[in-house]
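Report on the structure given below.
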Amino acid sequence: KNEVEQSPQNLTAQEGEFITINCSYSVGISALHWLQQHPGGGIVSLFMLSSGKKKHGRLIATINIQEKHSSLHITASHPRDSAVYICAVNPYNNNDMRFGAGTRLTVKP
Amino acid sequence: ETGVTQTPRHLVMGMTNKKSLKCEQHLGHNAMYWYKQSAKKPLELMFVYSLEERVENNSVPSRFSPECPNSSHLFLHLHTLQPEDSALYLCASSRTVTGGWEKLFFGSGTQLSVL
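Protein sequence lines correspond, in order, to chains A and B.
Last residue of the first sequence: 109 (the working numbering), numbering continuous.
Last residue of the second sequence: 115 (the working numbering), numbering continuous.
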């Protein structure tokens, strides 16, 4: 079982819908990351957080350290949000970032 | 543009070929990484370099050989690969390699097909 589990694996939404992607992890961490991977491969870091909530434009990331759970929300979704969203964690005292398998989001116009 | 450049973007090679992937970062970072991304699987760490010294090697077959001549450049030399090595190979960098609060900056990857 992967130490970082994401759900759902695939998500299709209509433009304008509110989207939630979930991430659960099983190790103690110092930070959690949300990454975005567009077709073509490049990965961009969206958020890095260790507690609470962060917001950037239409994107919101939350984390509950006690429950070992994080969510990524997208408000007023747009077709350009279509991408794979990856959750990753930095375990304590470990250089090896652990990754989820990703959630493939498709937003239809 | 993340400041990490990978070439080539696409590579097709036979099992007997020798090729190299190149990565260059313009961010002044001290740590560089090679990751492998196979279809529908999480990213797998292959190698970590800190200040040009290899600090981690995750049981990668010897047909993959990394080289880090300076803190801005990273290579992955490939020889006698197998079809199951076909994947997206991603380079990344970070300010330091100490775990925790370090953000990774990724290149666009090299999509490798081994015939």
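Quick reminder that beta carbons are idealized off the backbone N, C-alpha and C, glycines included.
A quick note: this is a predicted structure, and the numbers were derived from the prediction, not measured.
Burial state of residue i, where buried means 16 or more other Cβ atoms lie within 10 Å
i, result
"residue 33 of chain A", "buried"
"residue 51 of chain A", "exposed"
"residue 47 of chain B", "buried"
"residue 80 of chain A", "exposed"
"residue 36 of chain B", "buried"
"residue 66 of chain B", "buried"
"residue 4 of chain B", "buried"
"residue 102 of chain A", "buried"
"residue 88 of chain B", "buried"
"residue 114 of chain B", "buried"
"residue 8 of chain B", "exposed"
"residue 53 of chain B", "exposed"
"residue 77 of chain A", "buried"
"residue 42 of chain B", "buried"
"residue 39 of chain B", "exposed"
"residue 102 of chain B", "buried"
"residue 108 of chain B", "buried"
"residue 70 of chain A", "buried"
"residue 100 of chain A", "buried"
"residue 6 of chain A", "buried"
Interface residues of chain A facing residue i [CB-CB closer than 8 Å]
i, result
"residue 113 of chain B", "Result: empty, since nearest Cβ-Cβ is about 14 Å, beyond 8 Å."
For residue j and residue i, believed in contact at Cβ under 8 Å, the rounded distance
i, j, result
"residue 11 of chain A", "residue 105 of chain A", "5 Å"
"residue 23 of chain A", "residue 4 of chain A", "7 Å"
"residue 55 of chain B", "residue 97 of chain B", "6 Å"
"residue 49 of chain A", "residue 31 of chain A", "7 Å"
"residue 53 of chain A", "residue 61 of chain A", "7 Å"
Residue i: contacting residues in chain A (beta-carbon distance under 9 Å)
i, result
"residue 108 of chain B", "40, 41, 42 and 43"
"residue 104 of chain B", "33, 35, 43, 45, 88 and 97"
"residue 2 of chain B", "42, 43, 44 and 45"
Proximal chain B residues relative to residue i, where beta-carbon distance stays under 9 Å
i, result
"residue 18 of chain A", "Those do not exist, as residue 18 of chain A stays about 26 Å from chain B at its closest Cβ, beyond 9 Å."
Beta-carbon proximity check, residue i vs residue j, cutoff 8 Å
i, j, result
"residue 91 of chain A", "residue 19 of chain A", "no"
"residue 106 of chain B", "residue 40 of chain A", "no"
"residue 85 of chain A", "residue 36 of chain A", "yes"
"residue 18 of chain B", "residue 78 of chain B", "yes"
"residue 94 of chain B", "residue 29 of chain B", "yes"
"residue 110 of chain B", "residue 11 of chain B", "yes"
"residue 25 of chain A", "residue 89 of chain A", "yes"
"residue 112 of chain B", "residue 86 of chain B", "yes"
"residue 51 of chain B", "residue 33 of chain B", "no"
"residue 76 of chain B", "residue 64 of chain B", "yes"
"residue 97 of chain A", "residue 90 of chain B", "no"
Cross-chain neighbours of residue i in chain B, by beta carbon under 8 Å
i, result
"residue 76 of chain A", "Result: empty, since nearest Cβ-Cβ is about 26 Å, beyond 8 Å."
"residue 101 of chain A", "40, 41 and 42"
"residue 10 of chain A", "Residues of chain B passing the Cβ test: none, with the nearest at roughly 10 Å."
"residue 2 of chain A", "42"
Chain-ordered neighbours of residue i on chain B, where CB pairs are closer than 7 Å
i, result
"residue 57 of chain A", "Per Cβ cutoff of 7 Å: no residues; residue 57 of chain A is ~18 Å from chain B at best."
Near the ligand FAD: residue i beta-carbon under 7 Å from a heavy atom
i, result
"residue 78 of chain A", "In terms of ligand content, the structure shown is empty, and the ligand FAD therefore cannot be addressed."
Just by C-beta distance, which residues in the stretch 17-49 of chain B are closer than 7 Å to chain A?
-> Answer set for the stretch 17-49 of chain B: 40, 41, 42, 43, 45 and 48.
Of all the residues that make up the stretch 62-92 of chain B, which are near chain A by a beta-carbon distance shorter than 9 Å?
-> Using a CB distance below 9 Å, the part of the stretch 62-92 of chain B facing chain A consists of 88, 90 and 92, ordered along the chain.
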